[in-house]
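Asker: Below you will find the structure I want to go over with you.
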Amino acid sequence: MNDWIRNIDWGEIFVAVGIIALQLIAIFIAFTIAKSIGSKLIKNAFNRFSEKENMSVGRAETLQRLTLSILSYVLGFIVIVIVFEIFGLDVKGLIAGAGILGLAIGFGAQGLVSDVVTGFFLLLEKQLEVGDYVTTAGYDGIVEEVGLRTTKIRSFDGTLNYIPNREISSLSNHSRGNMRALVDIGISYDDNIDKAIEVMQQTCDKVAAEEEAIVEGPSVLGVQTLGASDVVLRVICKTENMQQWAVERKLRQALKQALDENGIEIPYPHQVNITKEKA
Amino acid sequence: MNDWIRNIDWGEIFVAVGIIALQLIAIFIAFTIAKSIGSKLIKNAFNRFSEKENMSVGRAETLQRLTLSILSYVLGFIVIVIVFEIFGLDVKGLIAGAGILGLAIGFGAQGLVSDVVTGFFLLLEKQLEVGDYVTTAGYDGIVEEVGLRTTKIRSFDGTLNYIPNREISSLSNHSRGNMRALVDIGISYDDNIDKAIEVMQQTCDKVAAEEEAIVEGPSVLGVQTLGASDVVLRVICKTENMQQWAVERKLRQALKQALDENGIEIPYPHQVNITKEKA
Amino acid sequence: MNDWIRNIDWGEIFVAVGIIALQLIAIFIAFTIAKSIGSKLIKNAFNRFSEKENMSVGRAETLQRLTLSILSYVLGFIVIVIVFEIFGLDVKGLIAGAGILGLAIGFGAQGLVSDVVTGFFLLLEKQLEVGDYVTTAGYDGIVEEVGLRTTKIRSFDGTLNYIPNREISSLSNHSRGNMRALVDIGISYDDNIDKAIEVMQQTCDKVAAEEEAIVEGPSVLGVQTLGASDVVLRVICKTENMQQWAVERKLRQALKQALDENGIEIPYPHQVNITKEKA
Amino acid sequence: MNDWIRNIDWGEIFVAVGIIALQLIAIFIAFTIAKSIGSKLIKNAFNRFSEKENMSVGRAETLQRLTLSILSYVLGFIVIVIVFEIFGLDVKGLIAGAGILGLAIGFGAQGLVSDVVTGFFLLLEKQLEVGDYVTTAGYDGIVEEVGLRTTKIRSFDGTLNYIPNREISSLSNHSRGNMRALVDIGISYDDNIDKAIEVMQQTCDKVAAEEEAIVEGPSVLGVQTLGASDVVLRVICKTENMQQWAVERKLRQALKQALDENGIEIPYPHQVNITKEKA
Amino acid sequence: MNDWIRNIDWGEIFVAVGIIALQLIAIFIAFTIAKSIGSKLIKNAFNRFSEKENMSVGRAETLQRLTLSILSYVLGFIVIVIVFEIFGLDVKGLIAGAGILGLAIGFGAQGLVSDVVTGFFLLLEKQLEVGDYVTTAGYDGIVEEVGLRTTKIRSFDGTLNYIPNREISSLSNHSRGNMRALVDIGISYDDNIDKAIEVMQQTCDKVAAEEEAIVEGPSVLGVQTLGASDVVLRVICKTENMQQWAVERKLRQALKQALDENGIEIPYPHQVNITKEKA
Amino acid sequence: MNDWIRNIDWGEIFVAVGIIALQLIAIFIAFTIAKSIGSKLIKNAFNRFSEKENMSVGRAETLQRLTLSILSYVLGFIVIVIVFEIFGLDVKGLIAGAGILGLAIGFGAQGLVSDVVTGFFLLLEKQLEVGDYVTTAGYDGIVEEVGLRTTKIRSFDGTLNYIPNREISSLSNHSRGNMRALVDIGISYDDNIDKAIEVMQQTCDKVAAEEEAIVEGPSVLGVQTLGASDVVLRVICKTENMQQWAVERKLRQALKQALDENGIEIPYPHQVNITKEKA
Amino acid sequence: MNDWIRNIDWGEIFVAVGIIALQLIAIFIAFTIAKSIGSKLIKNAFNRFSEKENMSVGRAETLQRLTLSILSYVLGFIVIVIVFEIFGLDVKGLIAGAGILGLAIGFGAQGLVSDVVTGFFLLLEKQLEVGDYVTTAGYDGIVEEVGLRTTKIRSFDGTLNYIPNREISSLSNHSRGNMRALVDIGISYDDNIDKAIEVMQQTCDKVAAEEEAIVEGPSVLGVQTLGASDVVLRVICKTENMQQWAVERKLRQALKQALDENGIEIPYPHQVNITKEKA
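This is the structure in structure tokens:
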């Protein structure tokens, strides 16, 4: 029984163990270097980017932290795989099994990944800021919070909408520059169009003088439609952001009163009745 | 016949068995350590999280239990694979076969995984609590239960809706802060708009004084639309949560009565009739 | 020619055969143990679960039988794979080929798996029972049968709808507690709203006294809408399950008659006609 | 040159050929046994099933033939793979290549598999029989043929619709039991509701006495809606299958005539006209 | 330098080359046999099938040619793989690479495969023939050509529609048997229904006698709807294929004239006007 | 240190290098031959095809160039793989890695492949030519360019629409043969239908005599609908391609004037008014 | 213990190290050459392309930079894989694991890849330029920026829409050439159509003379529809890009005034009233 013990080639074992130890150390060093270099590169990139783009400190930090986590996970994964291989364990079976499990879960959880990827770009490209008035994914309202997974939008009626970022594909931001106010007024077919336009333009100028929120115009464009009962004239103007509704309301009231004063009719629906004896 | 028995190298067998035994023990120890460390990390994380976020004890426990189960399954899976490999069984075939089977089932059952993943985040992010009035997945009502797989919502008419969590993507929670009441009143084209606004604002102030549920306003915004037969004036105010409908009803009745008293008409649809002889 | 026969090492063969036999026996024993343990665990789990949840015996048995079948198939699959490997047949090719075939079919048949998975949870969570009145997958009616693959719902008009369970995602069960009856009555703009509400509430109280199916209310909420020709008042009450329509019909008739008696008009559509000479 | 020929170990070759031959024979026997056992099991299962479920002979045979074909293909595939392996050909490359090709085609042809799987269950669960009146996949009509791939439905207007079975998910079968006839009659707001209900119920009883297709009722339920110009009363009854339309037509005519005789008006749309001088 | 040349075991090489040659010949023979057997089987199957189903020669040939091509490609693919293996080239890498490329393209081109698969069954099951009037994929018109990839349908207005076969799932063929003509006539509420039915039935009988395209009926079914201003009576009859519109037009004209002659009114929309003094 | 150098078996190395060189040459030759044969086959096929189908030279060249590119890429890929294998580099890892990368990108870029595949068949089958008037993918207009990736269609209003070919599934080509003009004229219920048809047919014949664009007809079909206020008569005719609108306009004007001259009324909407005292 | 050290075959190690070093150098050289050749090819291609297509310098640079990045990543990936293999590390496990991870993420992030691929072609094919007025993905407005991931479109009302490029499939560019103005005018049934057309055409000619934005006549096409109350005449003309609305407004006003002056009526909706005594 002692024979085979004596036959063991201790030297060979010693060398094998030494090689494994050396490999482990080499990998540890490579990992540390890769991580610190990667971290520095990421931090520098974000510093330069956030300076250039005037990004808020909080937002830059969120993005940086996410990128660093991903770096750590990827490097950690590589280290574990290599260590397993050094010990001679067949890592492929393990990876394949775990991978298939992961795929199966991944089909279910891909929404989550999709949320984070979209969230990353929403934050990076500054498509929406807290306080913006936006329309997206069928909701519109004021942005209350932009997270990596969910964006919260407060509707006009007070409802708080939780929207997973993956639902946000196209996004309309109503808080990026001046808005346009648009008022359509229908006048009677019997009224003189030129006179109506003149009266309306004078009213518009008066409103523009009073109202500071108006940036440009308003001007009467002309005959937008020949309606069933009225000739529709269109008025547009540029206003300060979020002031468009107030301006539209003011314009509607002023124009209605001006037309009344000038005897120009805003007509009700008309119908021509032809009386026929019972057939 | 005895020759080959004598030729068996018992020492070699002994060593092989010993190595296997050592490997099994090593794995068992590694597994125990990994599990207890993992459990502690998860528990600590949830304790800190639930304290910070004021999460209810029941909800925190549900989430913690789910996370611990997943940890157990993953570690158990790894142990089984390694044990199989130690005994020299080719685990890849087994895994591949099981994996393909799993994938095939997974395609069918991905809804289930999706339910649990979404349920986890619904519970974690506190998007909805029992008793909240929410709109999601085409249903609206009061939340009766939020489970890992299904959320139950009681509609206004008494119906109980079972909604698999995966159907819940965007979620509108109507129980997160004050709500807005909105009333549109159409007055006649012949009435004086300024006087109507004055009367309505006075009524609004009276209602605001009586009604405790009103938080802010109500105020008359102005001419919202120049309708076919009426000039529509809009009134909005902020109310306590879930009181918006009662306030709207009260406002409608008060405004209607105030306009009646002041001789301002809420007009019926109008039509101008032109009589023509039969052509 | 006899030389090579003599050279055959019968001992080696004997050992090899012996090892295979031992392995087969070991696997058979392991399989038997695993199956009986698994069966017991499943049966105990279902016994405890069905007691706790008041599940009917038939339903519990259906679920248990499905779970036991899956256990048998999984264990059988593992045994076959291991036996193939013991005989030195390369099982990977077979599995891969069969797996790809299975995947191809699986894409086509995933609906079937999806049906069974959903069916399992429908039965387990008791979302619908035979006799419930439900709305799901665009159908509504009385549940006639809940199977693992298909659910049968009888529509009001007598049609029998076969719905594959995978189509059932969100489910509205109208047989879970009291229902709400809702009646909207439009009164004339010329009538006194307060008086109308008083008359309607008195009628509601009378109906409530007569009708046993009414659980709570009915009460007149107030002015729900200022319609084009009428002021709409809303009445709601809670009724016993499935009695809501009968109560609504009774309320409509009683309210109509009470308003008639009190000279309060339920108005036809109104229109203001302005006569104009032909332009 | 002859040296290496002499060196060939003919014994070894002989043994190898012998082993291959034995393996081939063993596989052939195993295949034959497996096929005959499988066939018997399938046939017995179908015999018992078709007796229990009263399935027509033709339908049972179609299903049995499909199941036997699948069994043959699966066994044949396994045999071919094993034979290839016995000859030492690496079957994995072949399978993988063919498999990828198969997958690529499978994506295109998955509709076909889906058709057959759905068709199998349509036949097995007897959801529709030739001659049934069904609604499915947006078509309704009389079933003319239920095949494994396509179902043919004849629309009321004579069109023959070919519907691939995969399009048939939910299915409404209108030929499973009695149907309900439903007639809504609007009476004038000025008429007495109680008297109208009495008159209508008497007419219903008279029709029920004459008409054999009526199984239950008809009975007048009460006020279904307070319409814009009429009070809608609902009548329902149960009729023999496919007789519901004839009964509804008969009821409509009888009720109209009864109301006429009793001076109860079925009103035209009403409108209140208010005349206003031109503003 | 000559040493190692002399050491080459030419015998071994010779044997190896011989074996390869033998294998190549064997494969070539097997391929030839498999192809000719396969071709004959396919041809026989199609001959029997096209005789049984009365399929046109052109159509049968198209299907047969497609099936033979697939057979050739599959056999060719197998031969190439085996030849590569005989020469010791590792075919797996090649296949895997090509396969992944193929998959990537396949995702893009699956529509093409889907077209051909559907086209094959359209031709095989004779769902549509050139000249048929069909509705499918949102188009309706006369079939001009049924190809393996595209079907051409000429709309009524002269447009030629190219429809890829994959778009054709459900298909309504209006050229399979007699069609039904359906005419709804509304008579006045003041007219006698029984008399109207009598008059209409007489007219129908007269038209049926004149018109050869009428196969069955027409008969007056009864009161289909109690409309807002008229009592709708339904007439249906069976006509020869494609004659239904002409018959409907003839029926409409004849019925209108018959009702005129008998003083039964086809009423215009009715409205009851109630005049009210301005409130 | 020199010992091991001396031990190197230069002969073996020489042979190995020689074999590699020979293999490289063989592969290069095989590649050249395969490419030139493939090119010739493709060119011949296209020459014959474009002659047979009257395809324009530009179009045939586009298709040929695409096919030749694919041939080059496929052959190049195979050569690279084989060369790697000759140098003993394990090409599977590389391919697998690149393949997975490719798949990941492929999911994103499959639209591109889909565009090119569809584009290829659009060009090959001549479904649309520059200058055709087509409707596809929700756009209609004149085709300006058919590319491999995008098709450009100029709408009637002057907009240029860029449509990726993958969006083009079904395609309606309005420039393939004569078109049909269709005019519906409503006459009064009091007019004689037969006389109206006679007058209209005479007018049609007159228009047909004047208008060269009319190929067949126009003829009056008969009573298409019994409308609410008019009896609708339908006129159809065949016209030269793209002339259908002009013909329809001419027919409308001529028919209107002819009916006026013959005292046949094209009626306005009718309504029967019943006056009722206020209830 | 020294024995085994002495036994180490230093020569062998030396050779092995040397071979590795040589391989590394060879790969580095190959990589450098491949990269510089690739870069030059790409740069040349883009230079030629941007000259031929008149592409702006900025756009060409964006595209070139993207293509160069992809080249670098692909080459870098290949180098890393080969280096790993040279050191004898089994790179397949690593790649497979990373690949599966990548796939899982890829499913979530495929939108990103899709954005960049589409963005690349949008830039390359110049489908839209900054300042163009386009309609795509349900938005229309002026293009403010075309990026690789997102395109920004400013709506008419001032909203800034962020559209991920993958959402842009079909694209309507309204800034590619002249546009068409279209005005429909309804005249009375009693007016003479020929006279109306003459008057309108004269007005059109006058407007065309005054308005420089008109490129090609307005001309009156004829009777577009025989409406319920009017005969609709259509006028179309070609205008300079973006001037179509102004021209349409001018035409509408001029035509309305011309018809007024010539006593041709633009009619209100007509209705024929038949008075009937209460039935």
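Chains as they are written, first to last, in my numbering: chain A, 50 to 328; chain B, 50 to 328; chain C, 50 to 328; chain D, 50 to 328; chain E, 50 to 328; chain F, 50 to 328; chain G, 50 to 328. We put the beta carbon where it would ideally sit given N, CA and C, even for glycine.
Would you mind giving the Cβ-Cβ distance between Val195(F) and Val179(F), rounded to the nearest angstrom? I have them listed as a contact below 8 Å.
Answerer: Correct: roughly 7 Å between the Cβ atoms.
Asker: How far does the alpha helix (DSSP H) with Met249(E) in it reach, from first residue to last?
Answerer: Counting along the chain, the alpha helix (DSSP H) containing Met249(E) begins and ends at Ile242 to Glu259.
Asker: Is it right to say Asp243(B) is buried, meaning 16 or more other beta carbons lie within 10 angstroms of its own, or is it exposed?
Answerer: It is exposed - the Cβ of Asp243(B) has fewer than 16 other Cβ atoms within 10 Å.
Asker: Hey, would you say Ser268(F) sits closer than 8 Å to Pro318(F), going by beta carbons?
Answerer: Contact: no.
Asker: Where does the unbroken beta strand (DSSP E) through Ala230(B) begin, and where does it stop?
Answerer: It spans Met228 to Ile236 - the beta strand (DSSP E) in which Ala230(B) sits, taken as one unbroken run.
Asker: What's the call for Tyr211(G), buried or exposed, on a 16-neighbour Cβ count within 10 Å?
Answerer: Tyr211(G) should be labelled buried.
Asker: Hey, out of Ala258(B), Tyr188(B) and Pro213(B), whose CA is closest to Glu216(C)'s CA?
Answerer: Answer by Cα proximity: Pro213(B).
Asker: Could you check which residue in Gln113(C), Arg283(C), Asn322(C) and Glu102(C) has the C-alpha nearest to that of Ser300(C)?
Answerer: At residue 300(C) the sequence reads Leu, which differs from the Ser that was named. Nearest of Gln113(C), Arg283(C), Asn322(C) and Glu102(C) to Leu300(C), Cα basis: Arg283(C).
Asker: Can you tell which of Ala186(C), Leu209(C), Thr185(C) and Gly187(C) has its C-alpha closest to the C-alpha of Glu193(C)?
Answerer: Answer by Cα proximity: Leu209(C).
Asker: DSSP three-state label for Ser268(G), please.
Answerer: Here Ser268(G) sits in strand by DSSP.
Asker: Tell me which residues of the segment 158–187 of chain A have at least one Cβ-Cβ distance to chain B shorter than 8 Å, keeping chain order.
Answerer: Result list: Ala158, Gly160, Leu161, Ala186 and Gly187.
Asker: Please report whether the beta-carbon of Lys325(D) lies at a distance below 8 Å from any beta-carbon of chain C.
Answerer: Answer yes: the Cβ-Cβ gap between Lys325(D) and chain C drops below 8 Å somewhere.
Asker: Assuming Lys92(B) contacts Gln113(B) (C-beta within less than 8 Å), just tell me the rounded distance between them.
Answerer: At roughly 7 Å, the Cβ-Cβ gap stays under 8 Å, so Lys92(B) and Gln113(B) are in contact.
Asker: Rounded to whole angstroms, what is the Cα-Cα separation between Ile191(G) and Phe133(F)?
Answerer: Approximately 52 Å, taken between the alpha carbons.
Asker: Just to confirm, are Val272(A) and Cys286(A) a CB contact at a threshold of 8 Å?
Answerer: No, these two residues do not count as a Cβ contact at 8 Å.
Asker: Leaving out the 5 sequence neighbours to the left and right, which residues in its chain are closer than 7 Å to Thr116(B) when beta-carbon positions are compared?
Answerer: So the list reads Ile91, once near-sequence residues are dropped.
Asker: When you compare the CB positions of Thr288(D) and Val256(D), do they come within less than 8 Å of one another, or not?
Answerer: No, Cβ-Cβ distance for Thr288(D) and Val256(D) is not below 8 Å.
Asker: On the three-state DSSP scale, how would you describe Tyr188(A)?
Answerer: Here Tyr188(A) sits in strand by DSSP.
Asker: For my contact list, Tyr188(F) and Ser219(G) are in at a C-beta cut-off of 8 Å; report their separation, rounded to the angstrom.
Answerer: Contact holds; Cβ gap of about 7 Å.
Asker: Can you have a look at Val321(G) and say buried or exposed, based on whether 16 or more other CB atoms are within 10 angstroms of its CB?
Answerer: Result: buried.
Asker: In or out: Asp181(A) buried (at least 16 other Cβ within 10 Å) or exposed?
Answerer: With 16 or more other Cβ atoms within 10 Å, it is buried.
Asker: Ile212(G) by DSSP, collapsed to three states: which one?
Answerer: Correct three-state label for Ile212(G): strand.
Asker: Establish whether the CB of Leu117(F) and some CB of chain E are separated by less than 8 Å.
Answerer: For Leu117(F), the answer is no, since every Cβ of chain E falls outside 8 Å of its Cβ.
Asker: For the segment 160–167 of chain D against the segment 91–105 of chain D, do three or more pairs of beta-carbon atoms, one drawn from each stretch, fall closer than 8 Å, so that the two count as touching?
Answerer: Counting Cβ pairs under 8 Å, fewer than three are found: no touch.
Asker: Output, in sequence order along the chain, the residues in the segment 206–230 of chain F whose CB is closer than 9 Å to any CB in chain G.
Answerer: So the list reads Asp206, Gly207, Thr208, Leu209, Asn210, Tyr211, Ile212, Pro213, Arg215 and Glu216, given in the order they occur along the chain.
Asker: Straight-line CA distance for Glu174(D) to Asn222(D)?
Answerer: Rounded to the nearest angstrom, the two C-alpha atoms are 13 Å apart.
Asker: Measure the C-alpha to C-alpha separation of Ile313(A) and Glu314(G) and round it to an integer number of angstroms.
Answerer: Approximately 20 Å between the Cα atoms of the pair.
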